[in-house]
Each structure stands twice: as structure tokens, then as C-alpha cells.
Amino acid sequence: MNDLHVLALTVLAPPFILGIFGLWFTVRHLHPFLCEIGAAPWNRGITRRVLFGGVVNSSPEQVVRLQKLRGMYAGLLGLMLLFVVFFMGLGAVAFLGVFIGLNFLMARPFDVAETNK
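This is the structure:
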């Protein structure tokens, strides 16, 4: 393998692998949870509200399960930000951190009782 292939694999492999893990987490864990609470699994707005805002009027088991899901996605975001800081610097992490922080601030919680009427 020449040096260009090594460089390309170093830069492109981690985001690809993290993307595959994110897709697996979504299909295996998040979509069944969204169906359980009565939400549309492929609706990005509802997914954002559930992951960033949480849920209200749900059972304690669902809240615990959601906290585990949020922890998995936080781990994926942390790994991706670690990759970004390694290749792009702290400025890029601060830029992305603003958008991630705005998602947490602006997402309102998903009301489970409203969808189960």
C-alpha cells in the first residue's frame, strides 16, 4: 500500500465506522423505542426532540431506557468530536459545539401522552 492509501484510510475510516455504529444504534435501539412511545421513527424532528429534549408523561422504564440511548449517542458524538479536534483543531469543535448546544437548548420534550390519545 502506498502512502496515499494510508492517509486516505486514516482520514476516511473513522467517520465511516462511527457512521455505521450510529446507523446500527438507530435501527437496533432508537427506532424500536420510538415505536414503543408512539412516535414516527423516521421523523427527524421527533427524533431530535426525543434525543435532545427527552420525554414527558412516560413510564419510568422508558425514561431509563432513553437515558441509556442518550448516553450511547453522546459517546458517538464525543468520539466524532475527538476525531474533529485531532484533524481540524479546537476551532472546529467549538463551531460544532455551538450547534450541538443549540439543539439541547431549543429542543422541547416529546409528550408521550399526547401521541397515545
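Residue numbers for the sequence shown, in the working numbering: 3 to 119. Glycine included, C-beta positions come from ideal geometry on N, C-alpha and C.
Around the beta carbon of Arg-51, a 10 Å sphere encloses 16 or more other beta carbons of the protein chains shown; the residue is thus reported as buried. No Cβ-Cβ contact shorter than 8 angstroms links Pro-111 with Gly-47. Looking only at Glu-63, Leu-9 and Val-13, the smallest Cα-Cα distance to Val-87 is reached by Val-13. Every alpha helix (DSSP H) stretch that sits fully inside the stretch 15-77 and reaches 4 residues is listed by chain position as 33-38 and 46-50. In the DSSP assignment, Phe-106 is bridged to no other residue. Counting every other CB atom within 10 Å of its CB across the protein chains shown gives Ser-60 a total of 16 or more, marking it as buried. Cβ contact annotation for Phe-27 (same chain, cutoff 6 angstroms, sequence separation greater than five): Met-74, in chain order.
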